[in-house]
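Here's the structure we're looking at; comments come further down.
Number of protein chains: 2
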Amino acid sequence: MDKIKRNERIGAMARILTAAPNHIFTLGRFCGMFEAAKSTVSEDVELLRKVFAQFDLGQIETVTGAAGGVRFVPRLSQASALAYVQELCGVLSDPGRVLPGNFLYIQDLLSQPDTLEVLGAIMAGPYFAAAPDFVLTVETKGIPFALMVARALGVQLVIARRDHKAFEGSVVTINYISGSGGEMKTMSLAKRAVRPGQKALIVDDFTKDGGTVRGMVELMQEFDVTTVGVGVMVERRREGAPRIYEDIRSLFIVSDAMDARQGAVVHPAPWLEVQE
Amino acid sequence: MDKIKRNERIGAMARILTAAPNHIFTLGRFCGMFEAAKSTVSEDVELLRKVFAQFDLGQIETVTGAAGGVRFVPRLSQASALAYVQELCGVLSDPGRVLPGNFLYIQDLLSQPDTLEVLGAIMAGPYFAAAPDFVLTVETKGIPFALMVARALGVQLVIARRDHKAFEGSVVTINYISGSGGEMKTMSLAKRAVRPGQKALIVDDFTKDGGTVRGMVELMQEFDVTTVGVGVMVERRREGAPRIYEDIRSLFIVSDAMDARQGAVVHPAPWLEVQE
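Put into structure tokens, the structure is as follows:
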């Protein structure tokens with residue numbers, strides 16, 4: 001094999017690291033792959049770190065210690081994250097999105113892999129430090145977004161079901177009150193899906209008063225799992241109305257009043273605008 | 277701004293191209309970003325192409341013509357794809373996965389973002405040439421896998437529902453016969469989700485006799501959409517039993533007989549072993 005040049009090593013490392021966000025790769029792995037010394041690979045990592053920072057492509061982090069190495073953290077700058085969300089606010093304000101019954105059509109946004117990947121990384125941003133063991137969502141619409149949040153964090157996605165199925169084995173089922181009218185609903189999760197003592201990040205596509213979110217928080221309590229946060233893509237906010245669950249970090253805030261001629265009023269959530 | 281060096285350009289380009297699989301980026305975009313001549317960027321692309329090929333990291337393709345540029349196609353070598361599927365066959369054969377009622381537990385596999393990304397790329401492999409406009413699946417379990425197939429192809433995911441909801445606007449609903457007992461089921465899709473004349477790749481997580489798959493094919497006919505293929509992650513095959521829909525490309529084939537002490541017998545699908 002010819003000696004692998006620095007620019008070739010850097011191209012390959014960028015590909016390998018970014019394909020597995022938040023996973024730690026040992027330097028030894030790259031040394032073996034490229035037949036290069038550790039000092040050489042360290043210099044490669046430092047070069048990659050600088051260029052990713054310069055072009056706002058995410059962070060290359062060196063992790064010290066016994067389980068140390070290098071990892072890619074898909075964290076955008078605050079300015080880029082806000083700009084990305086703001087641009088989509090414009091898309092969501094399109095009058096054509098207001099459906100009969102005062103609903104907002106967001107299905108297309110929930111199924112664009114590229115868009116979801118960026119939004120997933122933005123949503124994951126505040127939770128890298130808490131290091132959740134998995135992302136929990138409930139079927140159906142939130143699954144693609146939750147998967148991309150899980151991808152950014154480098155953890156598994158766990159999906160609670162509305163009705164349990166035989167192919168999941170034993171399940172734990174809870175009842176919870178859905179906000180929109182005090183209706184009783186159920187939610188199930190396979191017993192083998194999570195373990196006591198783990199940490200969960202709860203993710204959903206949409207919330208109005210937090211009823212489903214609170215159901216997921218209670219489900220985690222049944223499993224002795226700690227909820228480290230709740231992230232929701234779109235939040236519909238009614239002026240002055242109390243919410244069943246308060247501690248929610250959303251990306252888009254849609255005002256409750258919606259006009260089929262003027263479209264919905266959509267804003268980035270305030271935490272996206274706070275100076276770091 | 278200091279002049280960007282070749283190894284820095286290559287690191288940044290690897291990140292940008294692989295973050296948006298199958299999307300064409302013009303060379304001009306990179307020229308502007310790096311303040312570099314087209315000939316320089318072309319050489320960068322060629323270097324990246326070679327090193328990706330050398331380490332089996334996917335293909336960097338140059339596309340000529342008016343809409344030309346460069347793109348990343350996440351196509352693995354046949355040997356890598358087969359090895360990856362074979363390793364997971366071992367995981368799926370674990371006796372602990374046989375559930376009461378002769379079901380196989382695959383939920384964890386369906387929610388590991390890294391694993392799904394590789395399986396999605398393998399499943400997409402035979403369909404890059406057909407260039408589908410979107411991937412269609414039906415809720416719920418197949419959504420994460422289908423999203424990763426869509427990501428590899430650089431297209432949208434479209435999700436049919438078991439029951440339609442108000443927030444999707446008008447829908448088309450079909451009835452179809454589910455294989456397992458001739459039961460009648462329904463499937464709905466929002467009218468605005470797809471357009472006549474488009475091409476669909478149908479993807480699901482599991483099939484036994486192809487009933488649900490055939491439902492999706494019929495749904496696409498209602499929308500005047502051409503189905504370019506059907507990809508399924510896990511196929512359960514009963515010796516000699518006819519299938520409702522035949523033209524299915526799966527990744528894993530599980531024999532119908534399953535023993536709680538010995539585990540299921542799981543093989544890679546034959547097409548993965550055929551010489552290219």
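Chains as they are written, first to last, in our numbering: chain C, 1 to 276; chain R, 277 to 552. Where a beta carbon is used, it is the ideal one built from N, C-alpha and C, also for glycine.
At least one CB atom of chain C sits nearer than 8 Å to the CB of residue 283 of chain R.
What residue 168 of chain C touches in chain R, judged by beta-carbon distance under 9 Å, is 375, 379, 381, 383, going in chain order.
Ranked by how close their Cα comes to the Cα of residue 24 of chain C, the residues C:184, C:149, C:65 have C:65 in first place. Residues of the stretch 415–429 of chain R with a C-beta less than 7 Å from any C-beta of chain C: 415, 416, 419, 420, 423, 426, 427, listed in chain order. For residue 268 of chain C, the enclosing beta strand (DSSP E) begins and ends at 263–268.
The DSSP-derived three-state label of residue 528 of chain R is strand.
Taken atom to atom, the span from the alpha-carbon of residue 122 of chain C to that of residue 112 of chain C is near 15 Å. Neighbours of residue 390 of chain R in chain C, taken as residues at a C-beta separation under 7 Å, are given in chain order as 20. The beta-carbon of residue 466 of chain R is placed less than 8 Å from the nearest beta-carbon of chain C.
Within chain R, 384, 387, 388, 389 have C-beta atoms less than 8 Å from the C-beta of residue 156 of chain C, given in sequence order. At a beta-carbon threshold of 8 Å, none of the residues of chain C lie near residue 361 of chain R; the nearest stands roughly 18 Å away. The beta-carbon of residue 412 of chain R is placed no less than 8 Å from the nearest beta-carbon of chain C.
Cβ contact annotation for residue 161 of chain C (same chain, cutoff 6 Å, sequence separation greater than five): 139, 188, in chain order.
Pairing residue 191 of chain C with residue 521 of chain R, the inter-Cα distance amounts to about 34 Å. With contact defined as three or more Cβ pairs closer than 8 Å, the stretch 474–484 of chain R and the stretch 492–507 of chain R are in contact. Secondary structure of residue 331 of chain R (DSSP, three-state): coil. For residue 448 of chain R, no CB of chain C lies under 8 Å from its own CB, so it is not counted at the interface with that chain. For residue 205 of chain C, the secondary structure class from DSSP, reduced to helix, strand or coil, is strand.
The C-alpha of residue 93 of chain C lies about 22 Å from the C-alpha of residue 447 of chain R. Per DSSP, the beta bridge partners of residue 466 of chain R are R:447. Secondary structure within the stretch 289–334 of chain R: the alpha helix (DSSP H) runs of 4 or more consecutive residues, fully enclosed, are 303–310, 314–330 (chain order).
Neighbours of residue 117 of chain C in chain R, taken as residues whose beta carbon is under 8 Å from its own, are 295, 427 in chain order. Judged by their CB atoms, residue 539 of chain R and residue 371 of chain R are nearer to each other than the 8 Å cut-off.
Annotated three-state conformation of residue 488 of chain R is helix, per DSSP. Taking the Cβ atoms as the reference, residue 290 of chain R lies roughly 6 Å from residue 324 of chain R, within the contact range of under 8 Å.
Exclusion of the five residues before and after residue 403 of chain R leaves 429, 477, 504, 505 as the residues of its chain whose Cβ lies within less than 7 Å of its Cβ. Contact annotation: residue 62 of chain C and residue 73 of chain C have beta-carbon atoms that are not nearer than 8 Å. In terms of CA proximity to residue 211 of chain C, C:183 leads the group C:238, C:146, C:183. The alpha carbon of residue 351 of chain R has as its nearest neighbour, out of R:395, R:366, R:313, the alpha carbon of R:395. Around the Cβ of residue 100 of chain C, a 10 Å sphere holds fewer than 16 other Cβ atoms; the residue is exposed. Excluding its 5 nearest sequence neighbours in each direction, residue 408 of chain R has C-beta neighbours in its own chain below 7 Å: 429, 431, 475, 476, 477, 504, listed in chain order. Considering only R:418, R:357, R:400, R:401, the residue with the shortest C-alpha distance to residue 385 of chain R is R:418. For the stretch 234–258 of chain C, no residue has a beta-carbon sitting nearer than 9 Å to a beta-carbon of chain R.
Every unbroken stretch of the alpha helix (DSSP H) spanning 4 or more residues and falling wholly within the stretch 391–435 of chain R is given here in chain order: 419–429. Close CB contacts of residue 332 of chain R within its chain, under the 7 Å cut and outside five residues either way in sequence, are with 352, 353, 356 (chain order). Taking a Cβ-Cβ threshold of 7 Å, the residues of chain C close to residue 324 of chain R are 11, in chain order.
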